[in-house]
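To start, the structure itself, in C-alpha cells.
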Amino acid sequence: MPAHRHRLRLRFLAALVGLQPAAAGFSTAPSRGCPLHAALARRGAPAAAALALYSRIRAAASPTPYTFSLLLASLASSSPRAPSPAAGGGCDGRAAAGLAHAQALKCGALAHTVVTNCLLKLYCALGLLPDARRVFDTTGAAALDGVSWNTMVSGYGKSGDLETARELFVRMPDRSLVSWSAMVDACVRAEEFSDALRVFDRMMEEGFRPDAVVLVSMLKACAHLGAVETGRWVHRYLEAEGFGRRPQNVMLETALVDMYCKCGCMEEAWQVFDRVWSHDVVLWNAMIGGLAMNGHGKRAIELFRRMLDKGFVPNESTFVAVLCACTHAGRVDEGKEVFRSMRDHGVEPRREHYGCLADLLGRAGLVEEAEAVLLDMPMDPHASQLGSLMSSCLMHNNIVVGERVGKKLIELEPDDGGRYVALFNLYAVNGLWEDAKAVRQMMEERGAKKETGLSFVEWNGLVHEFMSGDTRHPQTRMIYALLEDMERRLQLIGYVKDTSRVLIDMDDEEDKGSALSYHSERLALAFGILNIPHDMPIRIVKNLRVCRDCHVHAKLVSKLYQREIIVRDRHRFHLFRDGVCSCNDYW
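Given below as C-alpha cells:
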C-alpha cells in the first residue's frame, strides 16, 4: 500500500490498542507467570487482540524480550488477512507486523536473537519476504544463528523462490537437519523433484539421519517422479527406525499410501492403508483418489461407502476423489448422485467439483451437458476445466462445442501453445484447413509455445528423463536402434501410425510418422526394455496426456515383447499387459 496509507493504518492500530509512548527498558516487567503473558502465549487470536494484550502488559511495566517473542509468535499464528479496520475494527497482518516491529525496535528488543528470529518467522508466515530479508540483511552476523538462516531458507522455499532459498542455503555457516529438510521441501514446492532427491542424497552423505518431516517431502518427490524404488527405500527406513509403530505418524503413512498409489503399486498401498492404527479423512482421501487414478473406480466408490459407514465425515477433497473415480470408470449416473449428495454431508460444491462433473459428462460423450455445467455454475470456470472439456470435444469430435471452447481457451491463455494445438487439431480432423491455418498463424505470431512433453523412468537408483526427439541420454544410439527395430516388427503385425493429430510444420506423412516415433514415452519405453529385467514392470511417468497413437503403440509393444508397462500420464494410470490397457481405451 502507499506509504501515507500505511502510516495512517499504523496510527489507527496504535489508537485501537491504546499504545502510549514509554521509555525503553526491561527492569520492571511482569514475570513469565503473569496471566497477561499466559494469554499472549495462546495461539490463533486475532492480531488486534494480541496487540491489545501487549498494550496492557506495556501499561503495567516495560516489556521484555520474552514479551516480544510471545507477541510476534502470536501474530504469526493469526490470520494474515483479517478484516480491515474500515470493515469493523480489525487489522491486517502486515500492519500489525509493522507496528510490532516498530515497538521491538524502539525498545531495543531486536538486540536479542530470539526476538529477531520471531520477527523473521512472522514476516515469512505473512509472505512478506522482502521485509524479512531486510531484517535479516541489516542484522549483524553475530546476532543471527542457525534458526535465523533456516527460517529464511524455509520462507523462500514455501514462497516458491527456489533460487534464493538455494543461495542462502549455500551461504549458511552451519547446516543442521532442519536446514537440509527446508531445502528438500523447497525443491518439492518448486516441483524440482529430481533436485529434491539429489539434495537428500547429499544430506545422507554428510551423515544426517532423516526425520519424519524430510521423509514426507521425499515421498512427495518419489510420488511425482514415479521413483518407486527410492520410495520403497524410504518405507524400509521408516520400518527399521520404528516410525511405523508410532500412532501419531499418520501423515507419514498417508504420504506412503499416496506414493505407492502414484507409482501404480496398489497392493503395497493397500497394505500400508490397512496397517494404519488411526485413520483420518486425509488418509481415506489418498486411498480413494489412488484407486480412482489407477482405474479402480468401483473399488474407490466402495471404499467411500465404507468410510461413511465408519462415521468419517467427507470433506471437499473426498468428493473430488470420488467424482474422479466415477469419471475414470464412466459411471455417469453414480457420479451425478454423488454430486447431488454433497450438501447432505455439509459440503458446498466448489469450482473443482463442478469441473469434475463436467469432465465426467464430457468423457461419456455428453459434451453439451458438460458445457452447460460449466456455464451455469456460480463461478467462472478455470482454463484447466475448459481444457478438459476441449479434450472431450476432440475425443468425440464435437466441432460445435469444441470451437467455442477452443476460442475461449486461447482468449484466456494466449501464451499457451497447447490451446492453439487443440483447436488446430479439431479443425484439421474435420477438414477445415483454412481455419486450422489461421490458428497456426495466430500461434506463430504470438510466439506461443506448447508445454514440453517429458517422460521419466527410474532405474538403478536414478531417475532418467526423456523429451521428444531426445539425444542427451548416454544410451541414445541403443534406444533409437531398438525403436527402429520395434517399428519394423510392429508394422509386420499391422501397426499404422495415426498422424492425423500431429501439429508441426511438415507436409508429408513420413515426416509426421518420424515425429511420433520419438515421443518421450517411446524413448522411455525403449530404455526400459533395454535395462529393466523382464520380470519387472516398466514404470513411466509422463507430464502430459498420452497421445492416441502412443497408447496404441504401448498396447502392441506389451504383447510383442511380453512386458508389463505402467504409464502414469497427467490424468490417470495405464497398465498395458498382453495388448490390453486397464483404461479400456477410455481416457
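With positions in the sequence shown counted from 1, the corresponding number in the working numbering is that position plus 226.
All C-beta atoms, glycine included, are put in the ideal place defined by N, C-alpha and C.
Bounds of the alpha helix (DSSP H) holding V460 are V454 to A466. DSSP lists no beta-bridge partner residue for D506. Close CB contacts of G679 within its chain, under the 6 Å cut and outside five residues either way in sequence, are with S694, S746 and L770 (chain order). In this structure, the straight-line span from the alpha carbon of E465 to that of L277 is close to 46 Å. Taken atom to atom, the span from the alpha-carbon of D804 to that of E432 is near 46 Å. The stretch 588–597 and the stretch 618–631 touch, with no fewer than 3 CB-CB distances between them shorter than 8 Å. At the C-beta level, V442 and E479 stay beyond 8 Å of one another. When the alpha-carbon of G632 is set against those of D641, E542 and A648, the nearest one is in A648.
Between S784 and the set H760, H797 and K768, the nearest pair of CA atoms involves H760. Within its own chain, the residues whose Cβ lies closer than 6 Å to the Cβ of A412, once the five positions on either side in sequence are excluded, are G383, L388 and A391, listed in chain order.
Fewer than three Cβ pairs drawn from the stretch 751–759 and the stretch 653–671 lie within less than 8 Å of each other, which leaves the two stretches out of contact.
Under DSSP, C809 forms no beta bridge with any residue.
Bounds of any alpha helix (DSSP H) do not take in R569, whose DSSP letter is neither H nor E.
Taking a 10 Å sphere around the C-beta of M762, we find fewer than 16 other C-beta atoms and assign the residue as exposed. Contact between the stretch 682–692 and the stretch 712–723 is absent: fewer than three C-beta pairs spanning the two stretches fall below 8 Å. Around the beta-carbon of T377, 16 or more other beta-carbon atoms lie within 10 Å, marking it buried. When DSSP states are grouped into helix, strand and coil, L354 belongs to the coil group. Within the stretch 529–575, complete alpha helix (DSSP H) segments of at least 4 residues are found at 542–555 and 558–566, given in chain order.
In this structure, L509 sits away from V546, with a CB-CB distance that is not shorter than 8 Å. The Cβ atoms of G521 and C489 do not sit closer than 8 Å to each other. Taking C-beta atoms as the reference points, A323 and L297 fail to come closer than 8 Å. By the CB criterion at 8 Å, L586 and T553 fall inside the cutoff.
Rounded to the nearest angstrom, the gap between the Cα atoms of G386 and A408 is 12 Å.
Note that the C-beta distance between I514 and F538 is not below 8 Å.
An exposed status is given to K675, since fewer than 16 other beta-carbon atoms sit within 10 Å of its beta-carbon. In this structure, Y486 is the residue among Y486, N475 and G468 with its C-alpha nearest to the C-alpha of L445. Bridge pairing for M693: L680 [DSSP]. V442 carries a helical assignment under DSSP once its states are collapsed to helix, strand and coil. The three-state secondary structure of V772, taken from DSSP, is coil.
In terms of Cβ geometry, G372 and D400 form a close pair [threshold 8 Å]. Excluding residues up to 5 positions away in sequence, A551, C552, H554, A555 and R557 lie with their Cβ nearer than 7 Å to the Cβ of G523 in the same chain. The alpha-carbon separation between H338 and F799 amounts to approximately 54 Å. The criterion of a C-beta distance shorter than 8 Å is not satisfied by R645 and S618. Q788 counts as exposed, since fewer than 16 other beta carbons sit within 10 angstroms of its beta carbon.
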